[in-house]
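Residue numbers (the UniProt record's numbering), protein chains in the order written: chain A, 1 to 156; chain L, 1 to 156.
Glycine included, C-beta positions come from ideal geometry on N, C-alpha and C.
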DNA sequence: CGGGATTGCGCAATTG
DNA sequence: TCAATTGCGCAATCCC
């Protein structure tokens, strides 16, 4: 709904200097031909720009032009496909990492719990010692702490 | 989702039916792309379009046409910006997740080590018991295992 | 300098 | 009806 007043003139497509439109019109394809050349005067063969190269537009009706376009079109397609592929890979990587993350967190949770259990046992033991409780040979409490319970933490 | 299969196989600039050319107007437009409108009438090859609506091409020299184009160009720009933004976000997310993963792995390493230490202590203890070593108050070995050593595992 | 790879842009068909 | 998407071609650059 709300829509600002018309955008007057939207000619952003304008490049700074040159816009060439090929001459002519063989059959179909007549284009409003206008050839705007950058105002800068240096009509030298070697422009100051680093790469500033502006080759002749190459006429649109030549075979070479057509060939070049065709090649470029293929290249563009290829490039875009690649780009899309890469994007998808990235997305996949996110999921992969997320999974791994969960796995790791689960592991941490487990380890933490085990650690907590062991700590409690230690504390208990410490208390026993402190309370001067001597374990003759069957206190029962600690003897239960066979390695078996602890084992599974390391693996996986 | 949704990515309709692009069927267009290979239709270069060949058979064309109608070519609309811009009529000058204000400033200059881009190169007139050839709008190909297939002349064939029958047409069974109509892809299952949801809307199945085919408006008349709308002449290119009308104000309305121009307005519509302008709007669409804006929408396209917007959409592409958004798309690019999203891609970058995804990339960032990957890095974020990678970092988090490292953090988690470090933590796991730490916890594992602590657990290992505790386990060893337990084993030692068990051995002492098994060997019939009575720890009245001078065994010295286990007494050292004060809670202090264990404490730090839980935090951070 | 040549030529593929990228990138920004507009067009048109579709989709929602 | 209109905005958002998407495939596509063109031209300017970039980059070997």
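| field | Beta carbon of residue 100(A) nearer than 7 Å to that of residue 55(L) | value | Here residue 100(A) refers to the residue found at position 100 when the first chain is read from its first residue. Here residue 55(L) refers to the residue found at position 55 when the second chain is read from its first residue. Result no, Cβ atoms of residue 100(A) and residue 55(L) do not sit closer than 7 Å.
| field | Within chain A, the residues that residue 98(L) reaches when beta carbons sit closer than 8 Å | value | Taking the first residue of the second chain as 1, we reach residue 98(L) at position 98. Under the 8 Å cutoff, chain A gives 97.
| request: Mark residue 123(A) as exposed unless 16 or more other C-beta atoms lie within 10 angstroms of its C-beta, in which case mark it buried. | output: Position 123 of the first chain, counted from the start, is the residue given in the question as residue 123(A). Residue 123(A) counts as exposed, since fewer than 16 other beta carbons sit within 10 angstroms of its beta carbon.
| field | At least three beta-carbon pairs within less than 8 Å, the stretch 100 to 116 of chain A to the stretch 105 to 114 of chain L | value | The answer is yes - the stretch 105 to 114 of chain L touches the stretch 100 to 116 of chain A, with three or more Cβ pairs under 8 Å.
| query | Which residues of chain L have a Cβ atom closer than 7 Å to the Cβ of residue 90(A), listed in chain order? | reply | For the purposes of this step, residue 90(A) is taken as the residue at position 90 of the first chain. Under the 7 Å cutoff, chain L gives 90, 91, 94.
| task | Determine the burial state of residue 127(A): buried for a count of at least 16 other Cβ atoms within 10 Å of its Cβ, exposed for fewer. | result | Position 127 of the first chain holds residue 127(A). By the neighbour-count rule (16 or more Cβ atoms within 10 Å), residue 127(A) is not buried but exposed.
| query | Cβ atoms of residue 104(A) and residue 104(L): under 7 Å apart, would you say? | reply | Indexing the second chain from 1 puts residue 104(L) at position 104. Indexing the first chain from 1 puts residue 104(A) at position 104. Less than 7 Å separates the beta-carbon of residue 104(L) from that of residue 104(A).
| query | Just checking, does the stretch 58 to 76 of chain A make contact with the stretch 60 to 71 of chain L on the three C-beta pairs under 8 Å criterion? | reply | Because the criterion of three Cβ pairs below 8 Å is not met, the stretch 58 to 76 of chain A and the stretch 60 to 71 of chain L do not touch.
| query | What in chain L is Cβ-close to residue 111(A), meaning under 7 Å? | reply | Position 111 of the first chain, counting from 1, holds the residue named residue 111(A). Ordered by position in chain L, the residues that pass the 7 Å Cβ test against residue 111(A) are 108, 111, 112, 115.
| query | By the 10 Å Cβ neighbour count, where 16 or more other Cβ atoms means buried, how is residue 81(A) classified, buried or exposed? | reply | In the first chain, the residue the question calls residue 81(A) occupies position 81. The residue in question, residue 81(A), is exposed, as its Cβ has fewer than 16 Cβ neighbours within 10 Å.
| message | At the 7 Å Cβ level, is residue 75(L) part of the contact set with chain A, yes or no? | response | On the second chain, residue 75(L) is found 75 positions in, with the first residue counted as 1. Not one chain A Cβ lies under 7 Å of residue 75(L).
| Any idea what DSSP makes of residue 49(L), helix, strand or coil? | In the second chain, counting from the first residue as 1, residue 49(L) sits at position 49. Three-state result, residue 49(L): coil.
| request: For residue 72(A), return the contacting residues in chain L, with the cut-off set at a CB-CB distance below 9 Å. | output: Locating residue 72(A) in the first chain gives position 72, counting from the first residue. Chain L residues near residue 72(A): none, gap ~13 Å exceeds 9 Å.
| Sub-7 Å separation of residue 91(L) and residue 97(A) beta-carbons | The residue given as residue 91(L) occupies position 91 in the second chain. The residue given as residue 97(A) occupies position 97 in the first chain. Between residue 91(L) and residue 97(A), the CB-CB gap reaches or exceeds 7 Å.
| Looking at the C-beta of residue 118(L), does it have a partner C-beta in chain A at a distance below 7 Å? | As a working note, residue 118(L) is residue 118 in the second chain. Using a CB distance cut-off of 7 Å, residue 118(L) counts as an interface residue toward chain A.
| message | Check whether chain A comes within 7 Å of residue 130(L), counting only Cβ atoms and requiring the distance to be less than that. | response | Residue mapping note: residue 130(L) aligns to position 130 of the second chain, counting from 1. No, residue 130(L) lies away from the interface with chain A (no Cβ there is under 7 Å from its Cβ).
| Is the distance from the Cβ of residue 93(A) to the Cβ of residue 94(L) below 7 Å? | To locate residue 93(A), count along the first chain from 1; it is residue 93. To locate residue 94(L), count along the second chain from 1; it is residue 94. Contact: yes.
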